[in-house]
Amino acid sequence: MRRRLRIDPIACDGFGYCAELVPELVRLDEWGFPVVRDLPIPEGVEGMATEAVAQCPRRAIYLQVEEAGDRRDVPSRPR
Amino acid sequence: MTAVGSRHGLIGPVAQADPAGTGGPDAPVVPRLLAGLRAPGGAPDLEHHHRVHGRLPQPDRRSHSAWSSRLLAEVEGAGLNGRGGAGFPTSRKVAALRKSWRKPAVVINAMDSEPAAGKDWLLTTGTPHLVLDGAATLARLVDAASVTVCVSEARPDAARALRIAVGQRAQAAVDPVAVEIRQPPDRYVAGEESSLVHWLDAGVARPLFRRNGPSDLALANRPVLVHNAETASHLALIARHGARWFRDAPTELGLDVPPSWGAAGTMLASVGGAVETPGIFEVPVGLRLDRLLAYVGAPSLTPGVLLGGYGGTWLPPEALCTPMAPEPLRRLADTFGISAALGAGVVLVLPPGSCPLAETARITRWMAAENAGQCGPCVFGLPALAEDLESLAFGNLRGEGFAHLRHHLEVVSGRGACRHPDGVVRMVRTSLTAFARHVQDHVAKGSCPGVAMPGVAPLPSRPLPGRPAGDRTRARPVGQVPVALSGSSRFR
Amino acid sequence: MLGVTTPLLWYTTRASGIVALVLLSGSVVLGLITSARAGTHRWPRFAVSDLHRKVSLLAVVFVCIHVLTAVVDTFVPIGLLAALVPLTSHYKTLWVALGTVAFDLLLAVAITSMLRTRIRAGTWRAVHWASYLSWPIAVAHGVEMGTDMRFVWVDGLVAVCCIAVMMTFGWRVVARPLRVGAGVAASSEHAVRMAREGRVTAAIVPIDRRPPTSAEVR
């Protein structure tokens, strides 16, 4: 089960917390919006990725599971 | 040929099925959709429509399911692809919705949001009954609960024609579901599939972000099937005449179109720019582009042609002999580094001596102003791209400017909720590839004399930023592009 | 209700009130900095935002202790109703009402924040704007009702809180113009200007401006 980080570009408002928390996978473009690497999340980064999903003020970043070509969102924990 | 009313000066004479042969013996047109087309002034007439095309086959209650399966097989055999721009196989789209347990909603997209196209307008004003036949057929295929036809609110004539036609059909009781005519705002992104559904559902004409793919689209909690007006019209004819008839269109011109080309049926090409007779022509898919261009009087020294739409691909003069079919266009990538596609059927020809980079810059600037204002990379990235192109075209591109341009192309594509920025990036990339030598000239010398020529791409100036009428979006300003309406006129 | 009165309850009410006021002021200051999207190397923006959330939670806890002890204590005749509905207290009606209003607003903010994923973004934001109101109301309540205002150090503490909040508010409004619908530009020059303005952190933390290579961009 490989999880990837994805951004909802409409919700995203360029806060940039995700790039601070998961710099291995997210960097900011020159306008402050996230550019996410389309890779499965490496082992050591899982925790911070979950934290980034929880911390986004607009709930714009989320985790997606790809299983046999069928995409499914991982529900974020309620805060 | 009769002259049809003009929109941005693009639509000119349109070929009709006239046995007297006013289209000329060498006209590369196969009037099927446009057979018996009435000039827009003329009111819709159901009797005339039945005389020209015959009656639409209707299943009776008991054989409905068998009829649907057979028709779907015919559509698949016909190889009909969507004519809205994406070119997705129609049968697959329909089949996916037949399995849903809730009755779907059918939406016909006749928005013509590409300013350089006019085919949806032509179909809805000239032969609305054919479009509505297509809608009825789709409704029967998926057992729809509702049918909505969307025309731009800037096209009241199309809405009027459709409403008259719907009234005539209601009297004759030919439709399974009552058809509603709606008019979303006249913006480029309003014609995008999810924008349309979003507007119908919530009054907001902006694309939606679909986390789980196209299946996420819903209208009043029903799954929704969206098809272009031209696709629906083709469907209406396939229901009458079958797949073999559809596929045999090129043979009427004596053309040999191999099946490997992925070509089938006819398409409506909106030809404009520096041509003698701009207009909308129904040509067989697989016709060579240069043959069509010769027919409309395109100059032989044209610097290039934009194919598909403003999110489409540029073709250099050497590539114009390609057949207008999916596979050969895709394979242009091998020879020219450009993977092209038919898109919305737009063919825009540049005048000799003009600067293709200037035209690209103008179109990019217009497309940048047409963003929905939702996604940062598009809202900021497209104007940045437009600036880079303007520097390249009009001459103040400094050393790193080109690196900026390349970087922006990488960073803007694929990061929006819809394909708007992707289309612009593709258009720009193909421009840089198709006109590579010209680009080098610009980088070396700054500019070229061609930039002084007026543009040919129609770029309508839209109302000031804020809310377009009928759109309940929040007041997010979308930049205004003060580009005057540029239409085509006679060029030599 | 329990008929209890001990000096412990009374002192707890007063002390928790003071602590709540300090924490609330801290929360407002941090909230202003968060909305300004400011940060440093040591305090990245997510950390400022997280600290704001935690301080706010602590403030709400202390306000609850303050209200609870005041209600339970029979030394002052403030019942549960007076704690939740304004102007229903017989004792110092107006000033208790101010406290009640501030408490209600804080509860609304706390509840909407906990249910943030389930409610509309517009609703959450509207309620959060109301929290701006709760601070001055709470200060007025504290200054008028506070039995400890006779102590200089308490006066000083409240003054420091007020100055901190007002200075931060002034900075937020003047130095960082409030942006509504952030990320939308009316023209490309505006877009570039907004992009520069939006990057407050650029002044404090240089953002890596090296363009990503195509291998890194999805």
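Chains as they are written, first to last, in this note's numbering: chain G, 922 to 1000; chain X, 104 to 595; chain V, 1171 to 1388. Ideal Cβ placement from N, Cα and C applies to all residues, glycine included.
Under a criterion of Cβ atoms nearer than 9 Å, no residue of chain V is adjacent to Pro961/G; the nearest Cβ is some 12 Å distant. One alpha carbon belongs to Ala248/X, the other to Val957/G, and they sit about 40 Å apart. About 7 Å separates the beta carbons of Gly1269/V and Met1315/V, which is inside the 8 Å limit, making them a contact pair. Going by C-alpha positions, Pro552/X is about 31 Å away from Tyr291/X. Interface annotation, Gly937/G: not in contact with chain X, CB-CB separation never under 7 Å. Within chain X, the residues placing a beta-carbon under 9 Å from that of Val956/G are Pro480, Val514 and Arg518, ordered along the chain.
According to the DSSP assignment, Phe1273/V belongs to the alpha helix (DSSP H) that extends over Thr1263 to Met1284. The alpha carbon of Leu320/X has as its nearest neighbour, out of Ser203/X, Leu409/X and Val408/X, the alpha carbon of Ser203/X. Of all residues in the region 923–947 of chain G, only Arg927, Ile928, Asp929, Pro930, Ile931, Ala932, Cys933, Asp934 and Gly935 come within less than 9 Å of chain X when Cβ atoms are compared, listed by chain position. Residue environment analysis places Ser363/X among the exposed positions, since fewer than 16 neighbouring C-beta atoms fall within 10 angstroms of its C-beta. Rounded to the nearest whole angstrom, the C-alpha separation of Glu379/X and Leu303/X is 40 Å. Only Ala475, Gln477, Cys478, Gly479, Pro480, Cys481, Val482, Phe483 and Gly484 from the region 455–484 of chain X bring a Cβ to less than 9 Å from some Cβ of chain G.
Counting other Cβ atoms within 10 Å of its Cβ, His1211/V stays below 16 and is therefore classed as exposed. The beta carbon of Arg1212/V sits no closer than 7 Å to any beta carbon of chain G. Not flagged as an interface residue toward chain V: Gln985/G, since no C-beta distance is shorter than 7 Å. Distance from the CA of Glu385/X to the CA of Val133/X, rounded to the nearest whole angstrom, comes to 6 Å. In this structure, the CA atom of Val329/X is about 6 Å from the CA atom of Ile211/X. At a cut-off of 7 Å, the C-beta of Phe384/X has no neighbouring C-beta in chain G.
In the structure shown, Thr1244/V adopts coil according to DSSP, grouped into three states. Here the C-alpha atom of Gly965/G lies approximately 43 Å from the C-alpha atom of Ile1188/V.
Residues of chain G whose Cβ lies closer than 7 Å to the Cβ of Phe312/X are, in chain order, Asp929, Pro930 and Ile931. Between Leu358/X and Gly448/X, the C-beta spacing is not below 7 Å. Our two residues, Leu340/X and Leu235/X, have alpha carbons roughly 12 Å apart in a direct line.
A check of alpha carbon separations from Arg205/X across Ala198/X, Gly188/X, Gly229/X and Asp246/X identifies Asp246/X as the nearest. Listed in chain order, the beta strand (DSSP E) runs fully inside the region 170–256 of chain X are 208–213 and 249–254, counting runs of at least 3 residues. Within its own chain, the residues whose Cβ lies closer than 6 Å to the Cβ of Pro419/X, once the five positions on either side in sequence are excluded, are Gly407 and Ala537, listed in chain order. Counting the other Cβ atoms within 10 Å of the Cβ of His232/X gives 16 or more, which makes it buried. When the five nearest sequence neighbours on each side are left out, the beta carbons in the same chain lying within less than 6 Å of the beta carbon of Arg313/X are those of Asp319, in order along the chain.
If you draw a straight line from the Cα of Pro287/X to the Cα of Leu1277/V, it comes to about 42 Å. Per DSSP, Leu1250/V has no beta-bridge partner at all. Just measuring C-alpha positions, the residue of Leu311/X, Ser194/X and Leu451/X sitting nearest Leu423/X is Leu451/X. Excluding its 5 nearest sequence neighbours in each direction, Ser457/X has C-beta neighbours in its own chain below 7 Å: Pro406, Gly553 and Met556, listed in chain order. Ranked by Cα distance from Gly190/X, the first of Ala276/X, Thr227/X, Asn331/X and Trp170/X is Asn331/X. Restricting attention to Tyr413/X, His511/X and Leu174/X, the CA atom closest to the CA of Gly188/X is found in Tyr413/X. Scanning Gly517/X, Leu137/X, Ala461/X and Ile267/X for the CA closest to the CA of Asp148/X turns up Ile267/X. When 9 Å is used as the limit between beta carbons, Ser1219/V is near these residues of chain G: Phe936, Tyr938, Gln976 and Pro978, in chain order.
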